[in-house]
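There are 2 protein chains.
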Amino acid sequence: MNNRTTILETALSFFAAFGYEATGTLEICDAAGVSKPTMYHYFKSKRGLMEAILSGNFQPFLERLKEASRYQHDLTLNLERVMRAYFSFAQENPVFYRLQFSMQYAPLKSESYELVLPWVKRQREPIQAMFAQAEADHGNMRGRSSGYTTTLLGMINAYASDALARERELDDELIYQARHQFMHGIFS
Amino acid sequence: MNNRTTILETALSFFAAFGYEATGTLEICDAAGVSKPTMYHYFKSKRGLMEAILSGNFQPFLERLKEASRYQHDLTLNLERVMRAYFSFAQENPVFYRLQFSMQYAPLKSESYELVLPWVKRQREPIQAMFAQAEADHGNMRGRSSGYTTTLLGMINAYASDALARERELDDELIYQARHQFMHGIFS
DNA sequence: CAGATACTATACCGAGCGGTATACTCTGCG
DNA sequence: CGCAGAGTATACCGCTCGGTATAGTATCTG
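Protein sequence lines, in the order shown, are assigned to chains A and B.
In this text, residue positions in the first sequence follow the numbering used here: the first is 51, and each later residue adds one.
In this text, residue positions in the second sequence follow the numbering used here: the first is 51, and each later residue adds one.
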């Protein structure tokens with residue numbers, strides 16, 4: 051494994067465990083077995099390091115999410131796919147998932163929040179588009195696509211973080227339950 | 051307003067906006083119009099300042115929560131009371147609610163998380179006790195009181211933070227919807 | 001081989017942090 | 001008054017932080 055990758059993975063684990071603001075660059079470099087100029091050679095700054103971590107993990111996930119939320123006149127199917135995308139992402143990258151999770155709920159004016167915000171927006175886009183298209187087939191959903199997006203993501207994050215904390219599987223049963231509960235919230 | 055209170059309120063607004071780790075003691079003192087030794091006179095340390103904020107806001111809420119979750123063989127009523135306790139707490143202290151929220155989801159080894167953890171545990175106790183007692187009346191709930199507590203708190207936080215972000219009211223309609231959706235998740 | 005380019009280490013910088021030593025002022029009380 | 005103690009300000013300390021100047025080495029390319 052090359053230095054660049056080692057630094058990225060070391061930084062990820064430190065940021066996830068202690069937080070971005072509380073982790074020093076020297077700490078990361080020592081643990082990765084390189085010196086500071088090496089890290090600053092690959093990533094221009096501490097912020098640039100975090101940006102590389104976010105983009106490296108979020109970019110591939112976003113492609114999967116776009117595919118999962120492509121509306122085909124079957125909202126139930128779509129919801130299941132979107133939830134599956136999130137849950138398997140959380141399960142495959144538990145450390146990164148924990149990191150982005152804490153960043154999403156960080157104080158609004160913190161650097162952490164500022165850094166993750168564009169990625170949160172990019173996640174909302176395809177999901178909100180899916181709900182907007184579904185409005186045509188379900189009249190009672192009209193004008194609520196933004197609210198549905200928020201609620202869905204909130205529920206997914208609640209389930210995922212709970213499962214991660216208890217080291218429980220995010221399996222088909224849980225997906226069925228979450229989807230069922232969410233649909234019930236929409237149509238009742 | 052005396053200096054102690056001014057410092058507490060100033061610190062609360064800074065911690066909520068920028069985060070505990072990212073806020074300097076000097077920043078707080080300047081904004082509060084006092085000097086550092088004054089702050090260190092009232093609170094032994096930066097950590098002690100945060101502890102005073104947490105205890106001053108959480109303590110009264112905990113009393114209300116204990117009362118709301120006293121089980122009287124009517125789980126629906128209890129859920130409504132608990133949700134109402136949280137929602138009105140969030141609405142009356144939006145800044146503090148935002149702060150404790152970000153601390154709950156902070157990295158596990160951060161000082162923020164460490165500081166809020168005992169208060170989170172103290173909140174779970176009465177709620178989990180409520181579910182444990184309800185098991186006697188609802189056989190299909192057996193052995194799930196911890197899971198229910200987590201899910202309920204996750205759902206409440208999702209609703210509350212969403213409402214706070216959109217500056218929407220946490221009114222009776224929302225409480226009904228949330229309670230209904232949660233009960234449906236339990237009994238289906 | 002020669003030169004450029006990518007990579008790495010030592011040693012350092014200015015700034016800001018949490019916290020404090022010292023000393024002064026104000027207020028209440030005998 | 002005279003004294004005690006709470007409260008406040010100035011000025012400072014030691015430390016760690018993010019970031020860099022300098023210089024050296026390895027590797028690739030003509």
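Note that the Cβ used here is the ideal one computed from N, Cα and C, for glycine as well.
Original post:
Which ranges does the alpha helix (DSSP H) cover as unbroken runs of at least 4 residues, wholly within the region 136-204 of chain B, from first to last along the chain?
Top reply: 144-154, 161-184
Original post:
Along chain A, which residues have their Cβ under 7 Å away from the Cβ of G204/B?
Top reply: Reading the second sequence from its first residue, position 154 is the one you call residue 204/B. The answer, in chain order, is A208, D212.
Original post:
At which residues does the alpha helix (DSSP H) containing R54/A begin and terminate?
Top reply: For this step, residue 54/A is matched to residue 4 along the first sequence. Looking at the DSSP string, the run of the alpha helix (DSSP H) that includes R54/A is 53-68.
Original post:
When the Cα atoms are used, what is the spatial distance from A72/A to T200/A?
Top reply: Against the first sequence, residue 72/A aligns to sequence position 22. Against the first sequence, residue 200/A aligns to sequence position 150. If I take the Cα positions, the gap works out to 29 Å.
**OP:** Please state whether DSSP places G212/A in a helix, a strand or coil.
**Re:** Along the first sequence, read from residue 1 onward, the residue named residue 212/A stands at position 162. As written in the sequence, residue 212/A is Asp, which differs from the Gly given in the question. Helix.
Subject >> Delimiting residues of the alpha helix (DSSP H) encompassing K241/A >> reply: In the structure as shown, chain A begins at 51 and stops at 238. Residue 241/A is therefore absent and cannot be evaluated.
Original post:
Quick one: Cα of A140/B to Cα of G189/B, how far?
Top reply: The residue given as residue 140/B occupies position 90 in the second sequence. The residue given as residue 189/B occupies position 139 in the second sequence. Cα to Cα, A140/B sits roughly 33 Å from G189/B.
Subject >> C-alpha gap between N143/B and A156/B, whole angstroms >> reply: The residue given as residue 143/B occupies position 93 in the second sequence. The residue given as residue 156/B occupies position 106 in the second sequence. For N143/B and A156/B, the distance between alpha carbons rounds to 20 Å.
**OP:** Quick one: which residues of the region 139-156 of chain B get their C-beta closer than 7 Å to a C-beta of chain A? List them in chain order.
**Re:** Sequence-ordered contacts of the region 139-156 of chain B with chain A read F151, S152, Y155, A156 [C-beta pairs closer than 7 Å].
**OP:** Compare the C-alpha of F68/A against each of N128/A, A179/A, F232/A, M153/A and name the closest.
**Re:** Taking the first residue of the first sequence as position 1, residue 68/A is located at position 18. The shortest C-alpha separation from F68/A is found at M153/A.
**OP:** Can you tell me the Cβ-Cβ gap for N128/B and Y136/B, rounded? I've got them flagged as a contact below 8 Å.
**Re:** Start at 1 with the first residue of the second sequence, and residue 128/B comes out as number 78. Start at 1 with the first residue of the second sequence, and residue 136/B comes out as number 86. Their Cβ separation, rounded to whole angstroms, is 13 Å, which puts N128/B and Y136/B out of contact at 8 Å.
Subject >> Proximity below 9 Å, CB of E185/A to CB of R172/A >> reply: The residue given as residue 185/A occupies position 135 in the first sequence. The residue given as residue 172/A occupies position 122 in the first sequence. Not closer than 9 Å, so no.
Original post:
What are the start and end residues of the alpha helix (DSSP H) that includes T75/A?
Top reply: Taking the first residue of the first sequence as 1, we reach residue 75/A at position 25. Residues 75-82.
Original post:
Since A72/A is in the alpha helix (DSSP H), which residue starts that stretch and which ends it?
Top reply: Stepping through the first sequence from its first residue, residue 72/A is reached at position 22. First-last for A72/A: undefined, no H or E at that position.
Original post:
Residues in its own chain within less than 8 Å of I103/B by CB, not counting five upstream and five downstream?
Top reply: Numbered from its first residue, the second sequence carries residue 103/B at position 53. Excluding residues within five positions, the ones whose Cβ falls inside 8 Å are L58, A61, L62, F65, F146, L149.
Original post:
In chain order, what residues of the same chain have a beta carbon less than 7 Å from the beta carbon of S196/B, not counting five sequence neighbours either side?
Top reply: Counting from 1 along the second sequence, the entry for residue 196/B is found at position 146. The residues are Q178.
Original post:
When the Cα of E164/B is compared with those of E101/B, P176/B, D187/B, which residue comes out closest?
Top reply: Walking along the second sequence from the start, residue 164/B turns up at place 114. It is E101/B.
Original post:
Taking C-beta to C-beta, are Q231/B and G235/A nearer than 9 Å?
Top reply: Sequence index remark: in the second sequence, residue 231/B carries index 181 (1-based). Sequence index remark: in the first sequence, residue 235/A carries index 185 (1-based). Going by C-beta atoms, Q231/B is nearer than 9 Å to G235/A.
Original post:
Should E217/B be flagged as near chain A, meaning a C-beta pair shorter than 9 Å?
Top reply: As a first step, residue 217/B is located in the second sequence; it is residue number 167 there, counting from the start. Taking Cβ atoms only, chain A never reaches closer than 9 Å to E217/B, which makes this a no.
Subject >> CB contact check: G69/A to chain B, cutoff 9 Å >> reply: As a working mapping, residue 69/A is identified with position 19 in the first sequence. Judged by the 9 Å Cβ criterion, G69/A is in contact with chain B.
Original post:
Does the beta-carbon of F181/B have 16 or more other beta-carbons within 10 angstroms, so that it is buried, or is it exposed?
Top reply: Walking along the second sequence from the start, residue 181/B turns up at place 131. The residue is buried, with at least 16 neighbouring Cβ atoms inside 10 Å.
**OP:** Go ahead and pull the three-state DSSP assignment for Y226/B.
**Re:** Locating residue 226/B in the second sequence gives position 176, counting from the first residue. Y226/B falls in the helix class under three-state DSSP.
Original post:
Any idea if L202/B is buried or exposed, counting beta-carbon neighbours within 10 angstroms, 16 or more meaning buried?
Top reply: Looking up residue 202/B in the second sequence gives position 152. Result: buried.
Original post:
What residues of chain A sit near L220/B, judged by a beta carbon separation below 7 Å?
Top reply: Position 170 of the second sequence, counted from the start, is the residue given in the question as residue 220/B. Result: empty, since nearest Cβ-Cβ is about 14 Å, beyond 7 Å.
Original post:
Taking the alpha-carbon positions, what's the D187/B to D221/B distance?
Top reply: By 1-based counting over the second sequence, the position of residue 187/B is 137. By 1-based counting over the second sequence, the position of residue 221/B is 171. The alpha-carbon atoms of D187/B and D221/B are separated by roughly 29 Å.
Original post:
Is the Cβ-Cβ distance between P176/B and S119/B less than 9 Å?
Top reply: Here residue 176/B corresponds to residue number 126 of the second sequence, with the count starting at 1. Here residue 119/B corresponds to residue number 69 of the second sequence, with the count starting at 1. Their beta carbons are under 9 Å apart, which means P176/B touches S119/B by this criterion.
Subject >> Length of the line joining the Cα atoms of F93/A and L99/A >> reply: The residue labelled residue 93/A in the question sits at position 43 within the first sequence. The residue labelled residue 99/A in the question sits at position 49 within the first sequence. Approximately 5 Å, taken between the alpha carbons.
Original post:
Can L224/B be considered in contact with the ligand COA, in the sense that its beta carbon sits closer than 8 Å to one or more heavy atoms?
Top reply: This structure does not include the ligand COA; it has no bound ligands of any sort.
Original post:
According to the Cβ coordinates, are A208/B and A208/A closer than 9 Å?
Top reply: For this step, residue 208/B is matched to residue 158 along the second sequence. For this step, residue 208/A is matched to residue 158 along the first sequence. Yes, these two residues count as a Cβ contact at 9 Å.
Original post:
Hey, would you say M233/A sits closer than 9 Å to L125/A, going by beta carbons?
Top reply: Walking along the first sequence from the start, residue 233/A turns up at place 183. Walking along the first sequence from the start, residue 125/A turns up at place 75. Cβ atoms of M233/A and L125/A: closer than 9 Å.
Subject >> Same chain, Cβ closer than 6 Å to V132/B, neighbours up to 5 away in sequence not counted >> reply: Here residue 132/B corresponds to residue number 82 of the second sequence, with the count starting at 1. Contacts found: A118, S119.
Original post:
Sorted by chain position, which residues of the same chain lie with C-beta nearer than 6 Å to S162/A's C-beta, five sequence neighbours on each side aside?
Top reply: Counting from one through the first sequence, the residue named residue 162/A turns up at place 112. Closer than 6 Å at the Cβ level, and outside the excluded window around S162/A, lie Y70, M153, A156.
Subject >> Nearest-angstrom Cβ-Cβ length linking V84/B and N53/B, presumed shorter than 8 Å >> reply: Here residue 84/B corresponds to residue number 34 of the second sequence, with the count starting at 1. Here residue 53/B corresponds to residue number 3 of the second sequence, with the count starting at 1. V84/B to N53/B, Cβ: 6 Å. Contact.
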